[in-house]
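In the working numbering, the protein residues as written are 131 to 532.
Right, dumping it as structure tokens:
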């Protein structure tokens, strides 16, 4: 027997929960069911590295909604339910336990999973950060003084480094690019971020990759780099990006290419199917390019658009945001807006004498493509508004010259 829901949401993280709540705010009266693979109530994933690892948050503090909140909103959450197949013609989702659930509209919000390093499968002493349990296990591992090697100097790796530096005897970060985040922000800003890490006692091993992680080092782990260098440690953390959770859609007929391919209204390639959050790839008209964004702000904003387009199919809204992401490291706030690229022209428009504030503009084809700010939140907010309004570059530059 096939169970049914008016709106079925696959994935109970921020995109899924906010879609459901958005529907209720728009006076949607039909049934809403969220299927979540994990056993926990919905929780905020950015808080795992920003709060849980730093000791500033508890299990309860990162929860998005309580069961009472969900009940009040008439949102049914089914935990421990994993989708394994989708039939877009029958409008049904098949679960791992064999159950089948039908839908009138489907929202794929399955998020992403950590990209695995072949040389470092997850096992005792080797950590990946994605779930609440991952964060709690890693916090326990770094609570006592330990030698920690982190593979990857992106946002996750850098936030783990900041948390571990407070607790551990030594922290080493291995990064294949010349500087942290230089793949996106270029070497000029990346060099500044390297200084931030090193000022807190973190050792950076740059321009190197990991070829092997063994169990024979003093303390239990030995990380071998591509040049033969070995790093003995107690804890290894891998943060080398994420991949969208789309394997379960392989035989669905949906267009899937580094995410669920959508149109500008977040509609997938089959009728009555939408996608939101990390798993969605859609054309952003503001930048005239397709994009998939793995950040909290995008998940929240995209969920609101998906909810509107389900309720108002005859007057859909296109989703064309200015991408935004932030990171907290060593007491500093790092923020990026737009679509900066390492090859862009970089203009430093604010650099305070103390060295703890920075604003860099990324110029492409004569206009502002993106910006980076270190401890300059008000300037960054203004730049996001300028990007949305397509303010001419000379006007933006004038605001920093006054």
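Here a beta-carbon is modelled for each residue, glycine too, at the ideal position from N, C-alpha and C.
For residue i, which of the options has the nearest alpha-carbon?
i           : options               : result
residue 179 : 268, 310 and 202      : 268
residue 372 : 262, 287, 514 and 274 : 287
residue 457 : 139, 175, 134 and 356 : 175
residue 255 : 215, 311, 379 and 350 : 350
residue 401 : 205, 216 and 181      : 216
residue 530 : 482, 494, 145 and 519 : 482
residue 139 : 185, 221, 446 and 507 : 221
residue 171 : 157, 211 and 411      : 211
residue 573 : 514, 183, 324 and 328 : With the chain represented from 131 up to 532, any question about residue 573 goes unanswered, as that position is not in the structure.
residue 359 : 365, 343 and 378      : 343
residue 201 : 154, 301 and 320      : 154
On the DSSP bridge assignment, give the partners of residue i in chain order.
i           : result
residue 503 : 465 and 489
residue 257 : 367
residue 243 : 373
residue 333 : 302
residue 209 : 166
residue 235 : 137
residue 178 : Answer is none; residue 178 lacks a bridge partner.
So, residue i versus residue j, is the Cβ gap smaller than 9 Å?
i           : j           : result
residue 239 : residue 149 : yes
residue 498 : residue 478 : no
residue 326 : residue 504 : yes
residue 283 : residue 310 : yes
residue 198 : residue 151 : no
residue 111 : residue 207 : Here the chain has residues from 131 to 532 only, and residue 111 is not among them.
residue 195 : residue 147 : yes
residue 266 : residue 244 : no
residue 192 : residue 403 : no
residue 226 : residue 241 : no
residue 135 : residue 233 : yes
residue 281 : residue 353 : yes
residue 306 : residue 339 : yes
residue 492 : residue 461 : no
residue 355 : residue 341 : yes
residue 437 : residue 156 : yes
residue 272 : residue 279 : no
residue 297 : residue 275 : yes
Please specify which runs of the alpha helix (DSSP H), each continuous and at least 4 residues long, are wholly inside the stretch 139-173, giving them in chain order.
For the stretch 139-173, whole alpha helix (DSSP H) runs of length 4 or above, ordered along the chain, are 144-155.
Jot down the residue ranges of each uninterrupted beta strand (DSSP E) in the stretch 258-327, minimum 3 residues, whole runs only, in chain order.
Unbroken beta strand (DSSP E) runs of no fewer than 3 residues, entirely contained in the stretch 258-327, are found at 277-281 and 300-305, following chain order.
Sequence ranges, beta strand (DSSP E) only - wholly within the stretch 385-436, length at least 3:
Taken in chain order, the complete beta strand (DSSP E) segments of 3 or more residues contained in the stretch 385-436 are 403-405, 410-414 and 419-421.
Touch test, the stretch 328-341 against the stretch 391-406, Cβ-Cβ under 8 Å, three pairs minimum
Judged by Cβ distances under 8 Å, the stretch 328-341 makes no contact with the stretch 391-406, as fewer than three pairs qualify.
Between the stretch 437-453 and the stretch 411-421, do at least 3 Cβ pairs fall closer than 8 Å?
Between the stretch 437-453 and the stretch 411-421 there are three or more inter-stretch CB-CB distances shorter than 8 Å, so the stretches are counted as touching.
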